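K.L.:
Residue numbers (the working numbering): 199 to 362.
(1) Hey, would you say residue 266 sits closer than 8 angstroms to residue 251, going by beta carbons?
(2) Hey, how far is the Cα of residue 299 from the Cα of residue 263?
(3) Starting from residue 294, trace the beta strand (DSSP E) in both directions and tell me its first and last residue.
(4) Just grab the DSSP bridge partners of residue 260 for me.
(5) Give me the residue from 258, 327 and 305 with the minimum Cα distance to residue 292.
(6) Pick from 286, 359, 212 and 218: whose alpha carbon is nearest that of residue 339?
(7) Given this structure, state the Cα-to-Cα distance separating residue 374 from residue 350, to the nearest angstrom.
(8) Can you grab the Cα-Cα spacing for the pair residue 201 / residue 303, in whole Å?
(9) Suppose the cutoff is 8 angstroms on Cβ atoms and the five residues either side in sequence are ignored; what does the same chain contact list for residue 294 look like?
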């Protein structure tokens, strides 16, 4: 790297662009290899890990694992409606305070609490957390069908390779 100071701006720019092109080529090759390894894991990988959600191939030199990861999202409108219908009071409330348009924030008096409605719009938003939804399901307050209607799950996969 110390030789870089001896190079012209053109030489540095050319070298940078060359390396950038190589990185892009390597990324394409890496994605292709990952896809092929995923195909092989799907074809003849062995169930592995907690709940057997992952797939594994052990070779002479490597352990190749396709890891499944799930992300759950609560459908707030559906969950809040369900909780209200069932009288479940297990949600979070966030107060959102927004400065009204046209208000110069430098002019807000120090005795804000007494005059809060003059300067702010306050909105309370209720939300149902994943933990709350799962807790109510586990307690039997909501059934499996109701739980599934309130939540969606996205599965993504990652590749892990360890040398053995």
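For every residue, glycine included, the Cβ atom is placed at its ideal position computed from N, Cα and C. Predicted model, so just to flag it, every value in this text is computed and none were measured.
P.N.:
In short, the structure shows the following:
(1) For the 8 angstroms CB-CB criterion, residue 266 and residue 251 form a contact.
(2) Spanning the two alpha carbons is a distance of roughly 54 angstroms.
(3) Annotation for residue 294: the continuous beta strand (DSSP E) segment containing it runs 290 to 297.
(4) DSSP lists 361 as the beta-bridge partner residues of residue 260.
(5) Residue 327 holds the alpha-carbon nearest to the alpha-carbon of residue 292 among 258, 327 and 305.
(6) Nearest of 286, 359, 212 and 218 to residue 339, Cα basis: 286.
(7) Coverage of the chain is limited to positions 199 through 362, which leaves residue 374 absent and any answer about it impossible.
(8) Taking the straight line from one Cα to the other gives about 54 angstroms.
(9) 320, 321, 322 and 323.
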